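Before any comments, here is the structure.
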Amino acid sequence: MTGVDENFDPRAIQDKWQARWEELNPFAASEDPADERPRRYALDMFPYPSGDLHMGHAEAYAIGDVSARYWNQHGFNVLHPIGWDSFGLPAENAAIKRNSHPSEWTYANIETQADSFHRYATSFDWSRRLHTSDPEYYRWNQWLFLRFYERGLAYRQGGKVNWCPNDQTVLANEQVVAGHCERCGALVEKRVLTQWYFKITEYADRLLTDMEQLDWPERVLLMQRNWIGRSEGADVAFQIEGRDEPVTVYTTRPDTLYGATFFVVAADAALAEEICAPERRAEFEAYRETVQRETEVDRLAADRDKTGVFLGRHAVNPVNGERIPIWASDYVLAEYGHGAIMAVPAHDQRDLDFARTFDLPVRVVVHTGDADPGESGVATPGEGELVNSGPLDGLTKTSAIPRITEMLEEKGLGKAAVNYRLRDWLISRQRFWGTPIPIIHCEGCGEVPVPDEQLPVRLPEDLRGADLAPRGVSPLAAAAAWVNVECPKCGGPAKRDTDTMDTFVDSSWYFIRYCSPDYAEGPFDVEKARQWMPVDQYTGGVEHAILHLLYARFFTKVLYDMGMLDCVEPFTRLVNQGQVILNGSAMSKTTGNLVDLGEQIAAYGVDAVRLTMIFSGPPEDDIDWADVSPSGAMKFLARAHRVAADVTSAPGAAASAGDVELRKVTHRTIDEVTRLVEAHRYNVAVARMMELTSAARKVIDSGAGGGDPAVREAAETLAVMLSLVAPYTAEEMWERLGREASVAKAGWPTAEPALLVQESVTCVVQVAGKVRDRLEVPPNIGQDELERMALASQKVRSALGDRGIRKVVVRAPKIVNIVPA
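Residues in the sequence shown are numbered from 273 upward in steps of one, following this note's numbering.
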């Protein structure tokens, strides 16, 4: 290939610049008070140390590194830290298998990944490195837990929880995906246990309203809105025959109350057992046992046959006094609202399916113009005019809801209400490798917080191997010397809480700890957190759209309320990367559908792998490694390197004396790449760099050689821009150009406005999708004039022949597409 440097040796360049960067330390964030540069905080979701880096890491950290390096080039004081999310089940399971302590596996993997990150040329400030399994870190998990506890945001309560039978631990609702454990895939069961919770529901409204501040992908915001699930409606009191206290149900459609023809209680709710008539108890208990074996996903499936049992009791509809039968069923969840619903079969499909199964009445109370649901089997949930609804007849939904709510309030039978899908965050886990919960249980004093001066409550070091095997309770319960302590209040015998915290607690505030990772007086230096927070750009996978991001937002709001932060949102902008797949499928060791990152780097070099990741498409798109070309990326880098090597003009040569057309290409590239990087269109930015390389090569090969100052300008511009995606090659180019390292601090080039003016633009004219002509037109040409020119083209007229024109699509000044009739 013309202009390719056959002596380009990626491995030698990598070895050389790794050593140089260790000396230069170009990416340390400055804490010097005299440093007046504006600050930027670039953050990547920190890795879990389960083996070496893989292809997914290669993509995510290449994308995040583009922004961090770009901001460095623009003269910002950039914080770009790294750490490890190092507690969790994989380490514990590895320790059981190897008869070792989880820390041995964890920290060995951390060192392996750290070496790989160094080799991968990520622009981290290594002085801020942290590991969440260090006592110096989890001490502050415990301190924060105690502050939450003091504020009523941490509490212990019994109730039904999600239980993973494989990992032998409870799971938060967010960690159950389609009825299965998010981590191991086992079918989740329901158990009644006493557990620790964080009261995230207290922040539900703020978690919703503050989304207006976020520059996040809309799909992530939608997922969070749906998970929080705020709805407005009414609480309605139904009197139950034989029960003194009424039962409250929540409904978003109180306007349909006159259409309630039966009442349904969740089969596994305590209420169902309480109100069940004696003669129905045997049938009910058998049914409840069946329901308890079902997953929540199965119970909510729309296409399931409806099942249930009549409880032998009736409720009284508060608006018309009608007695309606009470049923227990699996399609109502105990956790939703109050665990019971009024069933309006004409206007709710699940209620209608149930009514048709058990031959219950169907009464239309909203006339929508659709077929009668009782006959069609299709409910009509839409809006219309109310009928069969007494004083509400003739009203629309919009006016009927406040009217019926007012009527209920006047009679003391209901009130306006807001409901949430969100439930409090269950944080306790029955496993060893996590942060011990800093509570002591005393028979006389109850729950006693561990005094701050006794923190951290360290994990015992003598448990290993089989000691850690899952047993339904935490392995810590067997560590008698650790469990049995004196009560901090009365001095009597007491026991430590043996559960550990969900590892999502670790990742809910780690990004603030980076601001002052060695601070010993609190979880972070409040002043330094105020200087750096919030994070300007957070890069990571969309799989964390609910769990991690929601919890981090919650923590940030609590810390704001405690006066420790000035921001209410942790991450201003979020960039999600897609997956790296192979032949259309996710990579997997088991199926053999796997590409090894180390092998790719050995074959093509780090820069070629990074460039391939960036050039393959927009950050959010998946990358199919079968469809990309790291060898092509390596050839381009060799070609760019050769451009720099061929430059013979001296540094500082006046570019204005050089080739004007090349200078125009260079400055248009600066302008376009700047805008493209700002818009995260990194793949298109790389394409522009490739075009600049070709333009410089053309001038060099035309006879002018590398002595033209315009070639130097192009090569230096290319080196600075390539430093975002191919730092080793860029650094070597910069040195070849006689410049001092590091190119990462060279400063972003500025486009000269005079060189951006285009005298003409090439417009492509297509007929039926095929290019038929190219027209040189003014860059500011209007659409009508461009269309006239295209239709006047002899080549276009020949291509059309006798056919008419159905439509003309004009995208001035660059394209005209003519669709024949």
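Note that CB positions come from ideal geometry on N, CA and C, so glycine has one too. All values reported here derive from a predicted model rather than from experimental measurement.
| Check | Outcome |
| --- | --- |
| Arg-1083, buried or exposed, once every other Cβ within 10 Å from all chains shown has been counted against 16 | exposed |
| Reference His-816, options Trp-488, Thr-1034, Glu-484, closest by Cα | Trp-488 |
| Local Cβ density within 10 Å of Gly-850, reported as buried at 16 or more and exposed below that | buried |
| Cβ pair Arg-1046, Ala-1071 closer than 7 Å | no |
| Cβ-Cβ separation, Val-852 to Ile-895 (assumed contact under 8 Å), whole Å | 5 Å |
| CB contact flag (Pro-321, Ser-375, <7 Å) | no |
| Beta-carbon gap between Val-807 and Tyr-313 smaller than 7 Å | yes |
| Continuous alpha helix (DSSP H) stretch holding Gln-414: start and end | 407–422 |
| Contact the region 1014–1024 vs the region 941–948: 3+ CB pairs below 8 Å | yes |
| Exposed unless 16 or more other CB atoms sit within 10 angstroms - verdict on Glu-1004 | buried |
| Within 7 Å, strictly: CB atoms of His-326 and Leu-869 | yes |
| Neighbourhood of Asp-482 by C-beta, 7 Å cutoff - its chain only, sequence neighbours within 5 removed | Val-840, Glu-841 |
| For Gly-531, three-class secondary structure by DSSP | helix |
| Bounding residues of the beta strand (DSSP E) (the contiguous stretch that carries Tyr-392) | Unbroken run through Tyr-392: none, as it is neither H nor E. |
| Cut-off 6 Å between Cβ atoms - residues of its own chain near Ala-688, not counting five sequence neighbours on either side | Ala-506, Thr-677 |
| Classification of Glu-1106 by the beta-carbon crowding that lies within 10 angstroms, buried from 16 upward | No answer is possible for residue 1106: the residues shown for the chain start at 273 and end at 1093. |
| Helix, strand or coil at Ala-615 according to DSSP, with G and I counted as helix | strand |
| Span of the beta strand (DSSP E), counted from its first residue to its last, around Val-881 | No beta strand (DSSP E) holds Val-881; the alpha helix (DSSP H) holding it covers 878–887. |
| Euclidean distance between Cα positions of Ser-788 and Thr-668 | 58 Å |
| Complete runs of the alpha helix (DSSP H) confined to the region 1040–1068 [at least 4 residues] | 1055–1064 |
| DSSP beta-bridge partners of Ser-503 | Asn-691 |
| Span of the beta strand (DSSP E) around Gly-812 | 809–813 |
| N- and C-terminal bounds of the beta strand (DSSP E) containing Lys-229 | There is simply no residue 229 to check, as the chain begins at 273 and stops at 1093 in what is shown. |
| Proximity below 7 Å, CB of Lys-800 to CB of His-713 | no |
| 8 Å contact criterion, which Thr-707 and Val-757 should meet: CB distance rounded | Wrong, their Cβ atoms sit about 17 Å apart, outside the cutoff. |
| CB of Val-634 within 7 Å of CB of Ala-627, strictly | yes |
| Neighbour-count burial assignment, Gly-1076, 16 or more Cβ in a 10 Å radius | exposed |
| Rounded distance between the beta-carbons of Arg-552 and Gly-584, thought under 8 Å | 4 Å |
| Reference Asn-1052, options Cys-1035, Lys-970, Ala-1040, Leu-1009, closest by Cα | Cys-1035 |
| Unbroken beta strand (DSSP E) run spanning Trp-343, endpoints | Where Trp-343 is concerned, there is no enclosing beta strand (DSSP E), although the alpha helix (DSSP H) it sits in stretches over 327–345. |
| Contact belief for Ala-334 with Ile-886 at Cβ below 8 Å, rounded distance in angstroms | 6 Å |
| Identity of the residues DSSP links to Gly-686 by a beta bridge | Val-508 |
| Span separating the alpha-carbon of Glu-545 from that of Ser-339 | 58 Å |
| Backbone secondary structure at Arg-911 - three-state DSSP | helix |
| Glu-461, DSSP secondary structure in three states | strand |
| Cβ-based neighbour list, Gly-1054, same chain, cut-off 8 Å, excluding 5 preceding and 5 following | Ala-1084 |
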